[in-house]
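Only one structure is covered here, and it is reproduced in the block below.
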Amino acid sequence: MKSCPRCDKTYPDSETFCEVDGTALVHADPAFAQVRADPASTMSAGDQNSSDTPKECPVCGGQTEPGEIICNFCGARLTNEPIAAASPGPARVAPQFPSRAATSIKMTSQMPLGEDEEESDGGGMLVTLGYILAAVIALGGGAWFALHLSSGQGGPPAPAAKSSPAAPTGPIVALANTMPIQVTGESATAPERNPDAAHKVFNGNRNSLTETYMHAVAGESGLYDGMIVRLRVLPDGSVAGAAIRTATTTNPDLDAEVVKAVSAWKFPAFTGSQVEVDYPVIFANDGSQQASIEADLSGKLAALSPSEAPEYASAAEASAEGAPSPGAATTPEAPTDVSVPVVPSVSPPAVASAGAPSGSVLPPPRRRVRHREMAALPKPTPALLDRVQDALRSSRKLGRVRAYTNHGTVVLFGKVYNDNDKALADRVARGVPGVTGVNNTLTTDLAEWSDTAARITAQLQSAGLSKVTVRVIGRDAYLNGEVKTALERERAATVAEGAAAVTVKANMIRVVPGGIFSF
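Using this note's numbering, the letters of the sequence shown map in sequence onto residues 18 to 536.
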């Protein structure tokens with residue numbers, strides 16, 4: 018058993034320091050108890066005089082307080098020799114980093130006690146509470162200082178973070194940040210047609226525009242554009258017509274695809290009237306181009322006249338350009354460049370009507386326009402698009418050809434039978450007065466059928482039917498060649514119909530069984 022020399026509390030032999038006051042424990046042998054009980058009987062007069070002198074531990078070299086007989090650092094018994102009487106030589110220095118128990122001993126030994134006050138178990142708890150209170154005060158002061166700095170009242174203001182340039186994000190389709198969506202019409206403020214509702218419709222159909230732009234970028238990697246897309250929305254929510262009012266670059270192919278995509282949009286149905294919605298759409302290769310494209314588009318829009326024809330319009334929109342809007346006046350406007358001779362008329366004398374009050378006169382009779390005056394007015398010149406379409410309809414071979422105009426440039430799209438018909442459409446369009454250029458994007462039936470036959474042939478060869486040939490006309494496929502068994506003949510028809518959207522119209526494959534040694 019061990020005991021504390023200060024508080025006499027006993028501990029097992031495995032313990033080293035007292036948990037109350039941190040004093041090193043000693044064995045509770047009779048000799049030590051006698052020394053502790055009557056230290057004056059074991060010390061000489063010289064030792065008693067030197068009890069007030071600091072001592073040095075012979076084991077660890079640590080310095081002790083006057084009157085201590087046990088080393089607070091290692092627990093060894095101290096000698097009676099003071100430090101002054103120590104032999105000359107380099108003095109041993111106490112460890113700089115004593116253990117936690119030793120530190121607690123040192124702090125406890127330095128705390129003065131009153132004359133009638135004794136150490137108890139609550140002393141250590143008070144010290145711990147003091148440290149906790151000091152830590153709480155320090156944390157509170159740090160929090161107050163942080164709030165003081167964040168409010169801008171203490172210290173110099175933190176430098177503003179520099180915005181790094183936006184990293185490329187790939188092809189993007191977005192609305193312009195500097196130009197709002199414009200909605201015109203009597204129902205422009207309705208919740209189903211206001212700019213917020215139009216913005217929601219754009220977000221719901223953004224994927225269709227993105228796919229259109231990605232398809233265009235695949236053919237021209239550096240393509241970018243900004244355009245004002247106008248939609249005429251009916252009360253049932255359908256798009257009756259679409260047009261590209263203006264664009265930053267001239268790209269008829271992209272204009273046509275965008276108009277085709279937005280014509281399929283659907284707005285919420287309501288009971289109001291039709292409206293027109295203008296979307297400022299940006300097509301950019303990455304986010305860094307958007308600002309410059311918006312600036313160009315803003316300049317284009319500022320220079321655009323309200324009466325200027327759109328760069329591209331769908332057929333429904335083009336036919337509605339000259340039609341009066343619902344509720345609009347239908348009074349025809351007289352042409353300003355045609356002078357009509359004015360025939361002087363003599364006003365008849367005012368005649369009082371029978372039964373009319375005295376002094377009232379009949380209004381002058383309305384002047385009737387003679388037919389020869391109407392015949393003198395020249396017929397208006399058809400628009401360039403109408404003249405081009407009339408010229409294309411004059412040939413039966415060009416019945417599936419469509420066109421739209423961009424100033425003097427004509428874009429042909431649709432399908433013809435072969436390359437000769439494609440060249441014919443080009444010549445017809447160029448022969449219309451006012452056409453300055455033709456962009457021929459027509460496709461041919463023969464080229465499409467040839468591509469389909471090539472896909473089917475590749476599938477037949479992969480299936481081991483290399484001697485089977487195929488010819489495609491429209492949606493019909495005609496098989497020919499040789500196979501070894503009737504089962505392979507039927508399998509060839511199945512492979513052909515699975516490779517493309519065709520139907521095997523005639524299976525003329527011959528079954529030629531192989532010889533004994535044929536493979």
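Think of the CB as a built atom: it goes at the ideal place given N, C-alpha and C, for glycine as much as any other residue.
Rounded to whole angstroms, the separation of the alpha carbons of residue 416 and residue 321 is 35 Å. Short of 7 Å from the beta carbon of residue 95, and not among the five residues preceding or following it, lie these beta carbons of its own chain, in chain order: 72, 74, 81, 85, 86, 87 and 88. In this structure, DSSP gives residue 92 a state outside helix and strand, which the three-state scheme calls coil. Taking C-alpha positions only, residue 227 is separated from residue 317 by approximately 23 Å. Check the Cα spacing between residue 281 and each of 218, 314 and 312: the tightest is with 218. Its chain contains 528 as the residues whose beta carbon lies nearer than 8 Å to that of residue 503, once the 5 sequence neighbours on both sides are disregarded; these appear in chain order. Residue pairing of residue 258 in beta bridges, as defined by DSSP: 249.
Nearest C-alpha to residue 229 among 35, 300, 166 and 256: 300.
Secondary structure at residue 198: coil, using DSSP grouped into helix, strand and coil.
The continuous stretches of beta strand (DSSP E) do not include residue 397, and DSSP gives it neither H nor E. When beta bridges are read from the DSSP output, residue 296 appears opposite 246.
By the CB criterion at 8 Å, residue 439 and residue 469 fall outside the cutoff.
Counting only residues of its own chain and dropping the five nearest sequence neighbours on each side, residue 523 has a CB closer than 6 Å to the CB of 495. Residue 202 holds the alpha-carbon nearest to the alpha-carbon of residue 248 among 202, 242 and 236.
In terms of Cβ geometry, residue 311 and residue 193 form a close pair [threshold 8 Å]. Taking the Cα positions, residue 526 is about 28 Å away from residue 435. The bridge partners DSSP lists for residue 496 are 487 and 524. According to DSSP, residue 19 shares a beta bridge with 28 and 44. Ranking 268, 476, 263 and 283 by CA distance to the CA of residue 455 puts 268 first. Around the beta-carbon of residue 195, fewer than 16 other beta-carbon atoms lie within 10 Å, marking it exposed. The C-beta distance from residue 241 to residue 291 rounds to 32 Å, too long to fall under 8 Å, and the pair is not in contact. Under DSSP, the beta-bridge partners assigned to residue 461 are 433. Here residue 92 is buried: its Cβ has 16 or more other Cβ atoms, across all protein chains shown, within 10 Å. Here residue 406 is buried: its Cβ has 16 or more other Cβ atoms, across all protein chains shown, within 10 Å. Residue nearest to residue 22 within the set 30, 29, 433 and 35 is 35 (criterion: CA-CA distance).
Per DSSP, residue 418 is one residue of the beta strand (DSSP E) stretching across 418 to 423.
Listed as beta-bridge partners of residue 426 by DSSP are 423 and 454.
Under the DSSP definition of a beta bridge, residue 263 partners with 245. Around the beta-carbon of residue 487, 16 or more other beta-carbon atoms lie within 10 Å, marking it buried. From the listed residues 44, 39 and 450, the smallest Cα separation to residue 18 is found for 44.
By the Cβ-count criterion, residue 162 is exposed, with fewer than 16 other Cβ atoms from all chains shown falling within 10 Å of its own Cβ.
Here residue 505 is actually not in contact with residue 477; their C-beta atoms are around 10 Å apart, not less than 8 Å. Residue 86: not part of any alpha helix (DSSP H); DSSP gives it neither H nor E.
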